[in-house]
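Chemist:
There are 2 protein chains.
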Amino acid sequence: MSDYQPRTDDMQFVLSRVLNAPAQLQALPAFAEVDAALMLQVLEEAGKFVGEVIAPLNRGGDEIGAQWAGGAVTMPTGFKDAYQSFWQSGWPALAASAEDGGQGLPTVLEAMLYEMLSAANHSWTMAPGLLHGAYECIKHHASDELKSHYLEKVATGEWLATMCLTEPHAGSDLGQVRTKATPLPDGQYAVSGTKIFISGGEHDLTDNIVHLVLARLPDAPPGPKGLSLFLVPKFYPDGSRSRVHCDRIEEKMGLHGSPTCVMRFDEAVCAIVGEPGKGLNAMFVMMNAARLHVALQGIGLLDAAWQKADAYSQERRQMRAPGKGKSAGESDLIGEHPAMRRILDTQRAWVDAGRVLAYRTALELDLIKHSPNADTQASAQRWCALVTPVMKSVFTHQAFHGGSDCLQVFGGHGYVREWGIEQIVRDARVAMIYEGTNEIQAIDLLVRKVLADGGNSLNALLDTIALDLPKAAKASTAAQARIQTLRAVTQQIVKASVQDAALAHRVADDYLRAVALVLMDWAWLRIEAGVDDNTVTAQARWINPAKALRSWVLPEFQMRTFIIVQQCTMAA
Amino acid sequence: MSDYQPRTDDMQFVLSRVLNAPAQLQALPAFAEVDAALMLQVLEEAGKFVGEVIAPLNRGGDEIGAQWAGGAVTMPTGFKDAYQSFWQSGWPALAASAEDGGQGLPTVLEAMLYEMLSAANHSWTMAPGLLHGAYECIKHHASDELKSHYLEKVATGEWLATMCLTEPHAGSDLGQVRTKATPLPDGQYAVSGTKIFISGGEHDLTDNIVHLVLARLPDAPPGPKGLSLFLVPKFYPDGSRSRVHCDRIEEKMGLHGSPTCVMRFDEAVCAIVGEPGKGLNAMFVMMNAARLHVALQGIGLLDAAWQKADAYSQERRQMRAPGKGKSAGESDLIGEHPAMRRILDTQRAWVDAGRVLAYRTALELDLIKHSPNADTQASAQRWCALVTPVMKSVFTHQAFHGGSDCLQVFGGHGYVREWGIEQIVRDARVAMIYEGTNEIQAIDLLVRKVLADGGNSLNALLDTIALDLPKAAKASTAAQARIQTLRAVTQQIVKASVQDAALAHRVADDYLRAVALVLMDWAWLRIEAGVDDNTVTAQARWINPAKALRSWVLPEFQMRTFIIVQQCTMAA
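Just so you know, the protein sequences line up as chains A and G, in that order.
Using our numbering, you'd call the opening residue of the first sequence number 88 and step up by one each time.
Using our numbering, you'd call the opening residue of the second sequence number 88 and step up by one each time.
#1: Strictly under 8 Å for the Cβ-Cβ distance: is leucine 166(A) near chain G by that measure?
#2: Give a yes or no on whether 8 Å exceeds the smallest Cβ distance from glutamate 526(G) to chain C.
#3: For a contact meaning CB atoms closer than 7 Å, what does glutamate 337(A) contact in chain G?
#4: CA-CA distance, asparagine 543(A) and arginine 593(G)?
#5: Report the rounded CA-to-CA distance for leucine 342(G) versus histidine 298(G), giving the unit in angstroms.
#6: Among His227(A), Val356(A), Ala169(A) and Arg330(A), which residue has its Cα nearest to the Cα of proline 272(A)?
#7: Fully enclosed by the region 480-536 of chain A, which alpha helix (DSSP H) runs are 4 residues long or longer?
#8: By the three-class DSSP mapping on this structure, what secondary structure does methionine 742(A) have?
#9: Give me the DSSP bridge partner(s) of serine 184(A).
#10: Give the single residue among Thr551(A), Ala616(A), Ala449(A) and Gln586(A) whose Cα lies nearest to the Cα of alanine 182(A).
#11: Listing by chain order, which chain A residues have their CB less than 7 Å from the CB of tyrosine 399(G)?
#12: Quick test of your reading: isoleucine 285(A) and cysteine 348(A), contact by CB under 8 Å. State the CB separation rounded to the nearest angstrom.
#13: Locate the alpha helix (DSSP H) running through arginine 328(A), then write down its first and last residues.
#14: Are the CB atoms of serine 210(A) and glycine 344(A) within a distance shorter than 8 Å?
#15: For the alpha helix (DSSP H) holding isoleucine 285(A), just list the boundary residues, first then last.
#16: Would you call the region 458-477 of chain G and the region 531-549 of chain G touching, i.e. three or more CB-CB distances under 8 Å?
#17: So what does methionine 250(G) bridge to, in DSSP terms?
#18: With distances taken from CA atoms, which of Tyr598(A), Gly523(A), Ser584(A) and His500(A) is nearest alanine 257(G)?
#19: Take arginine 303(A) and list the residues in its own chain whose beta-carbon comes closer than 8 Å to its own, dropping the five residues that flank it on each side.
#20: Can you tell me whether methionine 657(A) is buried or exposed, with buried defined as 16 or more other CB within 10 angstroms of its CB?
#21: Using a threshold of 8 Å, state whether the C-beta atoms of valine 300(G) and phenylalanine 352(G) are closer than that.
#22: Taking DSSP as the reference, what is the three-state secondary structure of leucine 420(G)?
#23: Tell me, please, whether the CB atom of valine 517(A) is closer than 8 Å to any CB atom in chain G?
#24: If I measure Cβ to Cβ from alanine 169(G) and keep anything under 8 Å in the same chain, skipping five residues before and after, which residues do I get?
#25: State the Cα-Cα distance for the pair valine 129(G) and phenylalanine 166(G), rounded to the nearest angstrom.
#26: Going by beta-carbon coordinates alone, are alanine 221(A) and alanine 248(A) separated by less than 8 Å?
#27: Buried or exposed, going by whether 16 or more other CB atoms sit within 10 Å of the CB of threonine 164(G)?
#28: Starting from valine 360(G) and walking both ways along the beta strand (DSSP E), at which residues does that stretch end?
#29: With a threshold of 8 Å between beta carbons, is glycine 410(A) in contact with chain G?
#30: Mark serine 230(G) as exposed unless 16 or more other C-beta atoms lie within 10 angstroms of its C-beta, in which case mark it buried.
#31: Give a yes or no on whether the C-beta atoms belonging to valine 605(A) and isoleucine 552(A) are separated by under 8 Å.
#32: Taking only beta-carbon positions, decide if tyrosine 222(A) is within less than 8 Å of chain G.
#33: Counting contacts by CB-CB distance shorter than 8 Å, is serine 480(A) in contact with chain G?
#34: Assess, as a yes-or-no matter, whether the region 98-109 of chain A is touched by the region 117-129 of chain A under the definition of 3 or more beta carbon pairs within less than 8 Å.
#35: Do valine 406(A) and aspartate 260(G) have their CB atoms nearer than 8 Å?
#36: Can threonine 433(A) and valine 640(A) be called in contact, C-beta distance under 8 Å?
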């Protein structure tokens, strides 16, 4: 079965016709010279690179896997050459500033690139996945001395970077981190401890690896406030090797081409990044960028699964579809069977809405950075804070569960390696866990962001969306009604939480799903407003997923709000 | 992490306290001598065998896998010894008749045995999984000559059996089977063709393997009515080898310890089983038994996943649970966090309800066979016809999706092999596909069984359930209301289907889920009626899952019926 191929026309449709992104970006002084033609050209080239260089390595990466021996990790065949070609072509530096060696292009282009890379080869994409976050972290928090050695190498991707947070006893709960940092007389530090689940902690893709490590200074207070951030390179600027060791890599359900390393820091000499005790703040820069990337992984993987299932459904014949006559021995394409059609159209509805939400979020990130208008910035901040955890959760959920639905389209063949669909399901599963489990995203949304200000930010976000619903569309009425329900339900949670501190934690998942469905609804109304013709092609491409959304996806909204209201009533 | 351990006390509770099975069975002449004490003794011994012999082989089976070389298949270490001990102890013959070498015990005991076996080691259990069906098929359809050679060997499990249906182009659509059977002058046949996805088509567990093969006689009509069934042994009674070859085994997502074989029949000499052209009828005996087994696999695998997640949630501490204070550096068990509690209690609600439904179905199978009362038999037939596809679909779905939720309880560790939970998810996935995909189960339920008689059987089943709801229970009112809704929705589909032949195919999945939720609801009301004390233990064991069912599971009913009604309205 053929590899994933980027369909840049669909992506471009969302970028230009749905979000009007090129015009919005060009209005910002930072991107005055980035016009629509340039953006589309970059997108096409990215698609070509991903399809030709990265996608063909996916299957082999799963079969061979990353190999550990004596502390060194060998990446699967072809991964290194592809990475060298990737950074030398400037792809990692797409959205880095020109003064740091980057190309200064908008974040949305980087987002589209990562969607395609993840769809093509999730394992390979793990390697550069944290680069941009590490770049931002070093740029904004490291000393000039550190920057002089590391900023450009990380900005361009000549060196790769890791985020060393998790320890065996400290996963979601970073407050329990025990890795120690001891100040040395020369102003440097020595870091000791063991970090686990370090993606790309060791590999042969680049000459050097830059580790950003959370550790605790002597006499630091317990909990998250006692954490500081340190930069430990594999090789120091003088060429000597640091005392960082990869003790083993994990055997995993999937993602075999990405080494998940146990890293041991053995009095590794290093410098601090930012202020003592502010390690988490510096790290959160990386984590927020990472969450958007993980949402894009979900969207990309679901698209890849959909592509495979769609192709199979147009080749394979089994039984007569209803209404197609009953002549024995004849059969119809499985894509004509309603149960299969439903799966295919539903996944497509998720992918398209995912793009609208993720690209819009990337746009908002650029507005935060580059808009001269304080109101625009505030509104962009709000969008990113509220929408990022929703996207991370629902699109990684959908990549696994909807990917499994796509596997189902293959029948027994779906369970067999050679069709490649089961790899997508295995690979996708991890995205529901890392960068904050989906349950933690839900608590982040409801407890930390919505309830923290009594629902004000959420209401402001809903105002934005409500105003943006196309007035002419019939379905906008139902969308408005759902928005009103969501506002009311939010206030019920605010009130009932006074009596019951655990309530919000019990219903956080339902609440996140309800918000997601309102966002999906908006996204699809915007998509339909962007479709300008009623040709047969447009019907098949856009109308069927829109119908699937309303038939099979949006009814979940009522169930979620019912569950929440029931819990609020019990709490009262 | 420790292996699955059967918890026979929970199973016994459902058998005796919820279903009153021993008394019901003893009332049948066939089981007059099977008292409660005997049944419980068999259950305890089965549990011991499964826990001590079968469960410890599960991890190795996944890691080593079945190995193919030169047409022979070597099973993972320990599988053969375990199988020899299994059949020599009489376990495969539990429910076979005494006259065939069996023990003549009730089907429900066999069901409980297979639940435990599947939970302990899904791959290993694939080997004897089709035995009982093959036994029934040979017993009821084969000639006396064939029976004299094969019936007792298959009844006792000394020889294993396969079901050879699928071909590369004929999966769900058996009408497309092309394997040919040519009559020979001596009254035998020669079968030629290639069958795929044959579980246990070749292995080293037993001295002989008995293949039941669907093939087409010359001049047979096209489609399913042209199919006949043949018995092709690996070795003939005279010891010579048949022309059946295992050409390769598949690389799969999971179930690595079960060889999924490509079997080539090269003019293999064999005998017919039953009448020419009645092959599917004979095969359906096997397939119905197999569907109950697959439902039990789902229940068992979900229980195994729950056990692992439950144990982990009682060891691992991360962050403070809500309402538990905020002292930095301290943390609570993850089982105390509401999002994790919700996952654990919900899966337990599914497992317990699954047992009630599956054991009840096994009881009904015995009533079909052994009840002297025609009304009882008819009602039992109805129960099995309607409830079997529902169970097959929802419990295999839940084993994968709920198993994935259990994986989530482990955070990043869930994605790593060593905890064993990811294996359960990978293994479970196939059960949504084989023995009729879950989509086909839904169409079987709605199109072939409910709509075929205008909803009469379904209404009769609902009458049985409605009468059986405990009158004293407050929640029975809601259950009665859901039953009424289901009746009304069924009639809406009946009416709207007149206009739209595809409607039932579009909503079949929703309909099956709605029926499942009504059955779950009934099952839990019966469970609660069986809990006779209000001790703290009973609270934790039964009350929390019951609460989870009503909080998180049953609200789906409204969503499903809403979706169906919306589609009916569109069709009208």
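A virtual CB, placed ideally from N, CA and C, is assigned to each residue, including glycine.
Modeler: Result, derived from the coordinates:
#1: Residue numbering aside, residue 166(A) sits at position 79 when the first sequence is read from its first letter. The sequence shown places phenylalanine at residue 166(A), rather than the leucine named in the question. No, phenylalanine 166(A) lies away from the interface with chain G (no Cβ there is under 8 Å from its Cβ).
#2: Looking at the structure shown, chain C is missing, and the protein chains on hand are A and G.
#3: Indexing the first sequence from 1 puts residue 337(A) at position 250. Result: Val503.
#4: By one-based count along the first sequence, residue 543(A) stands at place 456. By one-based count along the second sequence, residue 593(G) stands at place 506. Near 41 Å, if we compare the C-alpha coordinates of arginine 593(G) and asparagine 543(A).
#5: Reading the second sequence from its first residue, position 255 is the one you call residue 342(G). Reading the second sequence from its first residue, position 211 is the one you call residue 298(G). Going from the Cα of leucine 342(G) to the Cα of histidine 298(G) covers about 21 Å.
#6: The count along the first sequence starts at 1 and reaches residue 272(A) at position 185. Measuring from the Cα of proline 272(A), the nearest candidate turns out to be Val356(A).
#7: 508-516 and 525-530
#8: Limits of chain A in this structure are 88 at one end and 659 at the other, which puts residue 742(A) out of reach.
#9: Here residue 184(A) refers to the residue found at position 97 of the first sequence. For serine 184(A), which the question treats as bridged, DSSP gives no partner whatsoever.
#10: Mapped onto the first sequence, residue 182(A) falls at position 95. Scanning Thr551(A), Ala616(A), Ala449(A) and Gln586(A) for the CA closest to the CA of alanine 182(A) turns up Ala449(A).
#11: In the second sequence, counting from the first residue as 1, residue 399(G) sits at position 312. None at all; the shortest Cβ gap to chain A is about 12 Å.
#12: To locate residue 285(A), count along the first sequence from 1; it is residue 198. To locate residue 348(A), count along the first sequence from 1; it is residue 261. The pair is a contact, with the Cβ atoms about 4 Å apart (cut-off 8 Å).
#13: If you number the first sequence from 1, residue 328(A) lands on position 241. That residue, arginine 328(A), is in no alpha helix (DSSP H); it is neither H nor E in DSSP.
#14: Mapped onto the first sequence, residue 344(A) falls at position 257. Mapped onto the first sequence, residue 210(A) falls at position 123. Yes, Cβ-Cβ distance for glycine 344(A) and serine 210(A) is below 8 Å.
#15: As a working note, residue 285(A) is residue 198 in the first sequence. No alpha helix (DSSP H) holds isoleucine 285(A); the beta strand (DSSP E) holding it covers 276-286.
#16: yes
#17: If you number the second sequence from 1, residue 250(G) lands on position 163. Per DSSP, Leu299(G).
#18: Here residue 257(G) refers to the residue found at position 170 of the second sequence. With distances taken between Cα atoms, alanine 257(G) lies closest to His500(A).
#19: In the first sequence, the residue the question calls residue 303(A) occupies position 216. Counting only Cβ-Cβ distances below 8 Å, and skipping sequence neighbours, we find Val264, Arg265, Thr266, Lys267, Ala268, Gly313, Leu314 and Ser315.
#20: Mapped onto the first sequence, residue 657(A) falls at position 570. With fewer than 16 Cβ atoms within 10 Å of its Cβ, methionine 657(A) is classed as exposed.
#21: Looking up residue 300(G) in the second sequence gives position 213. Looking up residue 352(G) in the second sequence gives position 265. Yes. Within cutoff.
#22: In the second sequence, residue 420(G) corresponds to position 333, counting from 1. It is a strand residue.
#23: Numbered from 1 along the first sequence, position 430 holds the residue referred to as residue 517(A). Using a Cβ-Cβ cut-off of 8 Å, valine 517(A) counts as an interface residue toward chain G, since at least one Cβ of chain G sits closer than that to its own.
#24: Residue 169(G) sits at position 82 when you count from the first residue of the second sequence. So the qualifying residues of the chain are Val140, Ile141, Leu144 and Trp211.
#25: Here the question's residue 129(G) lines up with position 42 in the second sequence. Here the question's residue 166(G) lines up with position 79 in the second sequence. A straight line joining the alpha-carbon of valine 129(G) with that of phenylalanine 166(G) spans about 23 Å.
#26: As a working note, residue 221(A) is residue 134 in the first sequence. As a working note, residue 248(A) is residue 161 in the first sequence. Yes.
#27: Position 77 of the second sequence, counting from 1, holds the residue named residue 164(G). Flag for threonine 164(G) reads exposed.
#28: The residue labelled residue 360(G) in the question sits at position 273 within the second sequence. Valine 360(G): member of the beta strand (DSSP E) spanning 347-360, first to last residue.
#29: Looking up residue 410(A) in the first sequence gives position 323. Judged by the 8 Å Cβ criterion, glycine 410(A) is in contact with chain G.
#30: Sequence index remark: in the second sequence, residue 230(G) carries index 143 (1-based). Serine 230(G) should be labelled exposed.
#31: For the purposes of this step, residue 605(A) is taken as the residue at position 518 of the first sequence. For the purposes of this step, residue 552(A) is taken as the residue at position 465 of the first sequence. Yes. Within cutoff.
#32: The residue labelled residue 222(A) in the question sits at position 135 within the first sequence. No, because no Cβ of chain G sits closer than 8 Å to the Cβ of tyrosine 222(A).
#33: By 1-based counting over the first sequence, the position of residue 480(A) is 393. Closer than 8 Å: no.
#34: yes
#35: Counting from 1 along the first sequence, the entry for residue 406(A) is found at position 319. Counting from 1 along the second sequence, the entry for residue 260(G) is found at position 173. It should be pointed out that residue 406(A) corresponds to methionine in this sequence rather than to valine. Contact: yes.
#36: Taking the first residue of the first sequence as position 1, residue 433(A) is located at position 346. Taking the first residue of the first sequence as position 1, residue 640(A) is located at position 553. For threonine 433(A) and valine 640(A), yes; Cβs fall inside 8 Å.
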